[in-house]
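Numbering (UniProt numbering), first residue to last: 1 to 418. For glycine and all other residues, C-beta sits at the position ideal for the given N, C-alpha and C.
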């Protein structure tokens, strides 16, 4: 529409709106328009790099920075260096990261920050602490100036200051025993939940912690991050996060039970993903099916709902079997309610606290699955309701309240459909 009215869209507008895929597409289009006998303008190259950095496309960013680096002047190399260093960090290419660091401006916050990450990786703790202190001093002036202008402008710098504080904690973490490490992990989780629900902020914080904590050890927060990406329309980053969590390069549908009754052999995960991860993948697949008309025609939403129902039935069966086994051992009925799983504290000889927590998490997940079933049934059949469908929806919401009777969302949905 804007083109018809004679207004040329600018790539930087999309960047400011954080619509990175569209901005990247425009930069690619501008690059194609450059004659073959001319060099690609620096602003196009830098724009593409910024977009790839925001999208977490580390392989593409590393390739672009590597190909541009050799033919660039020292001034352009200094502009590229922070993005190139970030790409090397994202790919765990520590030697490349070291090479790019030398081109960053001496005593700049970026150089000190990345230097601290590199020193931490190499267990050079005294050097890492010195780099953190240098970076903090460099950000002090910048933060003071931005805070006086507006909170929103200063927030990104505040996040960087918080990352420096966490870098200091990571240095301590690497030198602590397991008990202290567990306490620190819980603190980091609580802190991240208090951060702004912004994809870039969460991506940076989780990337920092990944230096010492693998995504599989921080599954709960990586799932939350994937959900945040999905809700923000960043489907590519959501897919990348889930693949990183599962540890595969194959399509995510290869991890969904019952997606293909005769599954084609392929490089799937070595071990089956946790139930919470499969649930996150199902939500991602549903959103993907809703976005593209071609996916709707291919019945992707219907297929996703089918897999969710089968997955939920299997999980409910496993839970009932586990409860029956515990009932036989305890000699009385086990009630999985309460804040930490059970109304009455179980005998530790019958069930460890870890088992109690696992059963409680499984019960909460089942409630979420049944609630999601009801929502998806309504979304698929909102224009053509039949009596049998109404009964399925009511049953789904009823089961959600059964498995998590303290969950207000389940009771609210149940009340609305009635």
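Apart from sequence neighbours up to five positions away, the residues of its chain that approach residue 365 with a beta-carbon distance below 8 Å are 275, 276, 279 and 315, ordered along the chain.
The C-alpha of residue 84 is placed about 39 Å away from the C-alpha of residue 259. Straight across, the Cα-Cα distance linking residue 358 with residue 303 is about 29 Å. With the rule of 3 Cβ pairs closer than 8 Å, the stretch 241-260 does not count as touching the stretch 57-71. The beta carbon of residue 100 lies closer than 7 Å to those of 81, 84, 85 and 88 in the same chain, with the five residues before and after it left out. Around the Cβ of residue 239, a 10 Å sphere holds 16 or more other Cβ atoms; the residue is buried.
Ranking 213, 144, 44 and 310 by CA distance to the CA of residue 178 puts 213 first.
Between the beta-carbon of residue 61 and that of residue 46 there is about 12 Å, and that puts the pair past the 8 Å contact cut.
Rounded to whole angstroms, the separation of the alpha carbons of residue 29 and residue 23 is 10 Å. Excluding residues up to 5 positions away in sequence, 370, 371, 374, 410, 413, 414 and 417 lie with their Cβ nearer than 8 Å to the Cβ of residue 397 in the same chain. In the DSSP assignment, residue 183 falls within the unbroken alpha helix (DSSP H) covering 178-193.
Distance check between residue 143 and each of 108, 232, 157 and 229 places 157 closest, using alpha-carbon atoms only. Between residue 245 and residue 219, the C-beta gap is smaller than 8 Å, which places the two residues in contact. Under the Cβ criterion (8 Å, minimum of three pairs), the stretch 109-126 counts as touching the stretch 163-180. Approximately 16 Å separates the beta-carbon atoms of residue 201 and residue 167; this is outside 8 Å, ruling out the contact.
Three or more beta-carbon pairs separated by less than 8 Å are not found between the stretch 180-187 and the stretch 220-239, which leaves the two stretches without contact.
Apart from the 5 residues on each side of it in sequence, residue 230 sits with its Cβ closer than 7 Å to the Cβ of 238, 283, 284 and 287 in its chain, given in chain order. Note on residue 54: 16 or more other CB atoms within 10 angstroms of its CB, so buried under the neighbour-count rule. A buried status is given to residue 300, since no fewer than 16 other beta-carbon atoms sit within 10 Å of its beta-carbon.
Collapsing the DSSP output to three states places residue 292 in coil.
The DSSP-derived three-state label of residue 213 is coil.
Here residue 37 carries a coil assignment [DSSP, helix/strand/coil]. In terms of CA proximity to residue 130, 109 leads the group 145, 147, 146 and 109.
Here residue 11 is buried: its Cβ has 16 or more other Cβ atoms, across all protein chains shown, within 10 Å.
Closest in alpha carbon position to residue 95, among 117, 77, 401 and 76, is 117.
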